[in-house]
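Note that the UniProt record's numbering numbers the sequence shown so that position 4 is 4, with each residue one more than the last. Glycine is no exception: its CB is placed at the ideal position from the N, C-alpha and C atoms. One structure below.
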Amino acid sequence: MSDHVNGAVSFIKDTQTRIKDLSARRDELKREIGDPTSQTGSGSGSGSSRSEPASVMVQPCVSGFEVVVSSSASGLGAWPLSRVLEVLHEQGLEVISSLTARVNERLMYTIQVEVNSFDCFDLAWLQQKLIEQLVLSTTSH
């Protein structure tokens, strides 16, 4: 039994480390992409040409894991909740709750997914899969 607990603790620590690394990489990319618009001040014309990029974060929680998606509330950068849920369903995952909020012209989805075993589930892989699928769905419009 303690081997399973130690394995779970190790997995969670490794996953948290990967999440921090991916978050740092995401923040760095945001700065690189966002710098030209942030240096121009509050120019209203710059908002329509380039908005803050969409982001996905997958992190463990009590009953499984949580997916947090942030995207533009309108335009080509908007990721519909239905598409996020579809990608999760395609992976055979069971969504147990979702919350949508609109904050400063951004849509924030917080989705809780239940999993029976973390042993065979790679959260970093799922995060990358969601990003790829959602980016593909917005560029194909």
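Measure the alpha-carbon distance for residue i versus residue j and round it to whole angstroms.
{"i": "L81", "j": "E105", "result": "15 Å"}
{"i": "residue 147", "j": "W79", "result": "Within the shown structure, residues of the chain are numbered from 1 to 141, placing residue 147 beyond reach of any answer."}
{"i": "S71", "j": "G64", "result": "23 Å"}
{"i": "Q133", "j": "E52", "result": "19 Å"}
{"i": "T100", "j": "V62", "result": "20 Å"}
{"i": "V9", "j": "S2", "result": "10 Å"}
{"i": "R83", "j": "A73", "result": "14 Å"}
{"i": "A124", "j": "G7", "result": "17 Å"}
{"i": "R31", "j": "L22", "result": "14 Å"}
{"i": "S117", "j": "T17", "result": "19 Å"}
Give me the DSSP bridge partner(s) of residue i.
{"i": "M108", "result": "S70, A101"}
{"i": "G64", "result": "C61, E114"}
{"i": "V56", "result": "V69"}
Would you say the beta carbon of residue i is closer than 8 Å to some non-hydrogen atom of the ligand FAD?
{"i": "I33", "result": "Among the components of this structure there are no ligands whatsoever, and the ligand FAD is therefore not found."}
Tell me which residues share the same chain as residue i and place their Cβ nearer than 6 Å to its Cβ, disregarding the 5 neighbours each side in the sequence.
{"i": "Q127", "result": "V56, V58"}
{"i": "I12", "result": "P60"}
{"i": "M108", "result": "S70, A101"}
{"i": "I19", "result": "Q59"}
{"i": "F121", "result": "V115"}
Here's a check: name, in chain order, each residue in its chain whose Cβ is nearer than 8 Å to the Cβ of residue i, leaving out the five neighbours to either side.
{"i": "L85", "result": "V95, S98, I111"}
{"i": "V113", "result": "G64, F65, E66, V67, L88, L93, E94, V95, I96"}
{"i": "Q91", "result": "L126, K129"}
Tell me which same chain residues have a C-beta within less than 7 Å of the C-beta of residue i, skipping the five on either side of it?
{"i": "V5", "result": "none"}
{"i": "I33", "result": "P53"}
* Cβ contact check for the segment 18-34 and the segment 91-106: 3 or more pairs under 8 Å -> no
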